[in-house]
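Note that the sequence shown covers residues 1482 to 1913 in the working numbering.
The beta-carbon is built from N, C-alpha and C at its ideal position, and this holds for glycine as well.
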Amino acid sequence: METQDHVSLENNWATDRRWREISRGYSAEAVIRLRGSVEIKHTLAEMGAERLWELLHSEPYVAALGAMTGCQAVQQVQAGLKAIYLSGWQVAADANLAGQTYPDQSLYPANSVPDVVRKINQALQRADQISRAEGRSDAFWFAPIVADAEAGFGGNLNAFELMKAMIEAGASAVHFEDQLASAKKCGHMGGKVLVPTKEFIQKLIAARLAADVMGVPTILIARTDANGANLLTSDIDERDHRFLTGGRTVEGFYAVRGGLDQAIARGLAYAPYADIVWCETSEPNLEEARLFAQAIHAEFPGKLLAYNCSPSFNWKKKLDAETISHFQIDLAEMGYKFQFVTLAGFHALNLSMFELAASYKETGMSAYSKLQEIEFQREKDSGYRAVKHQAFVGTGYFDAVAQVIAGGASSITALGGSTEEEQFAAGAAVFA
1482 METQDHVSLE NNWATDRRWR EISRGYSAEA VIRLRGSVEI KHTLAEMGAE RLWELLHSEP
1542 YVAALGAMTG CQAVQQVQAG LKAIYLSGWQ VAADANLAGQ TYPDQSLYPA NSVPDVVRKI
1602 NQALQRADQI SRAEGRSDAF WFAPIVADAE AGFGGNLNAF ELMKAMIEAG ASAVHFEDQL
1662 ASAKKCGHMG GKVLVPTKEF IQKLIAARLA ADVMGVPTIL IARTDANGAN LLTSDIDERD
1722 HRFLTGGRTV EGFYAVRGGL DQAIARGLAY APYADIVWCE TSEPNLEEAR LFAQAIHAEF
1782 PGKLLAYNCS PSFNWKKKLD AETISHFQID LAEMGYKFQF VTLAGFHALN LSMFELAASY
1842 KETGMSAYSK LQEIEFQREK DSGYRAVKHQ AFVGTGYFDA VAQVIAGGAS SITALGGSTE
1902 EEQFAAGAAV FA
């Protein structure tokens, strides 16, 4: 298939509202030259990016929870959430290809997040197949995935390749942060080291170039950790000079004054190259969020913003119940259109299993029976489906496959005659 002509691509950049006020720093001709001769379609990434962009401009805000597994993502969509967040922290903790438990310090293999993106999309695809085969239309299953690229796991070429891997796996949006990749820390850890402003801009350009070469309008999110970072690798960029303190560390890093002013300066520098700007914060502070938003919008009116409603915050300690209840609505009015709880999957998984295990230790099967009764109630009042675990993962779907292959004469289908069909009969899947 012939690739898009560079003149057509230039016209698209110039006229499509999607690219309004986006700077690239390279030509359409360079993109076409790097694409190769065969156009490979990345359907989930493209569809997801377009859907998320529409949601960001049609919903008051898009709320997401961090998912660690495909099943968690399916439950989020079943419950009505319209996007999924995929946290590098959660991948580091319990979902990486090294098979290790890691802190959020980029210790895991760089292809781990794309691997989880792929798993989530495959789980959503199976849910969609099961739903369609059962004649249901209870959800749009392919919720856009917003994935964490951390600091890019290296330099510009690493960021370029990582962005490509995210798109191949089906990510809809990807965020990068302005920390030094080799010293990357969770946004709520100490010891964060920033790279010069212009170095991170080059990383954003590398990520955008990767998306353009792949032919996908991936949403690019620029995160700054400058609010809580006090170290800088180099003083090469004049834009960083006003934050220098004159100090140096034993590693040779430059000491800088962290805080909102530094974060605003970086947010303004990144805004032309990113679709969404995110300032990582140390507490849920509406006034701080307002100041950041006002500063960005004074120069870039309507620029989309993201906010991490972090589980690292002690919400009840920092805010009263009423403020918490309308916190996200207030943020949305400031322009924070993507809001997410990064580690929701980690905390939900651990707390629910701990509570079950503690109760099981004390009361045995009574504890599990109680959990099951809650499942039955959620099935009845909220459409929860995982209580029928065989059907949930596709046993009925593959029975249907087997019957088609056997011309409807298969005698070895798995769901018929199963204990699940016998004991969980109400609403059980039936395939002809």
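Is the distance from the Cβ of tyrosine 1788 to the Cβ of glutamine 1743 below 7 Å?
No, Cβ-Cβ distance for tyrosine 1788 and glutamine 1743 is not below 7 Å.
How about glutamine 1553: is its Cβ closer than 6 Å to a heavy atom in the ligand NAD?
The ligand NAD is not part of this structure, which contains no ligands at all.
Give the DSSP bridge partners of phenylalanine 1657, in chain order.
Ala1703
Which residues does DSSP list as the beta-bridge partners of leucine 1824?
Answer is none; leucine 1824 lacks a bridge partner.
Jot down the residue ranges of each uninterrupted alpha helix (DSSP H) in the segment 1804 to 1877, minimum 4 residues, whole runs only, in chain order.
1808 to 1815, 1825 to 1844, 1846 to 1863, 1870 to 1873
What residues are listed by DSSP as bridge partners for asparagine 1789?
Phe1821
With distances taken from CA atoms, which of Leu1490, Ile1777, Arg1498, Ser1612 is nearest tyrosine 1507?
Leu1490
With 16 other CB atoms within 10 Å as the buried threshold, where does histidine 1870 fall?
Of the residues assessed, histidine 1870 falls on the exposed side of the cut-off, its CB having fewer than 16 other CB atoms within 10 angstroms.
Should leucine 1725 be labelled buried (16 or more other beta-carbon atoms within 10 Å of its own) or exposed?
exposed
Between the CA atoms of isoleucine 1686 and alanine 1813 - distance to the nearest angstrom
Cα to Cα, alanine 1813 sits roughly 27 Å from isoleucine 1686.
Measure how close the beta-carbons of leucine 1567 and alanine 1544 come, nearest whole angstrom, since I'm counting them as under 8 Å.
Rounded, the Cβ-Cβ distance is 15 Å, inconsistent with contact.
Could you give the residue range of the alpha helix (DSSP H) that holds glycine 1748?
1741 to 1751
So which of Val1572, Glu1769, Val1676, Ile1745 has the shortest CA-CA distance to aspartate 1585?
Val1572
Per DSSP, the bridge partner or partners of tryptophan 1759:
Arg1704, Ala1787
Buried versus exposed call for aspartate 1486 [16 or more other C-beta atoms within 10 Å across all chains shown]:
Around the C-beta of aspartate 1486, fewer than 16 other C-beta atoms lie within 10 Å, and the residue is accordingly described as exposed.
Return helix, strand or coil for valine 1558, following the three-state DSSP convention.
helix
Counting only runs of 4+ residues fully inside the segment 1550 to 1636, write out the alpha helix (DSSP H) ranges in chain order.
Taken in chain order, the complete alpha helix (DSSP H) segments of 4 residues or longer contained in the segment 1550 to 1636 are 1551 to 1560, 1569 to 1575, 1593 to 1614.
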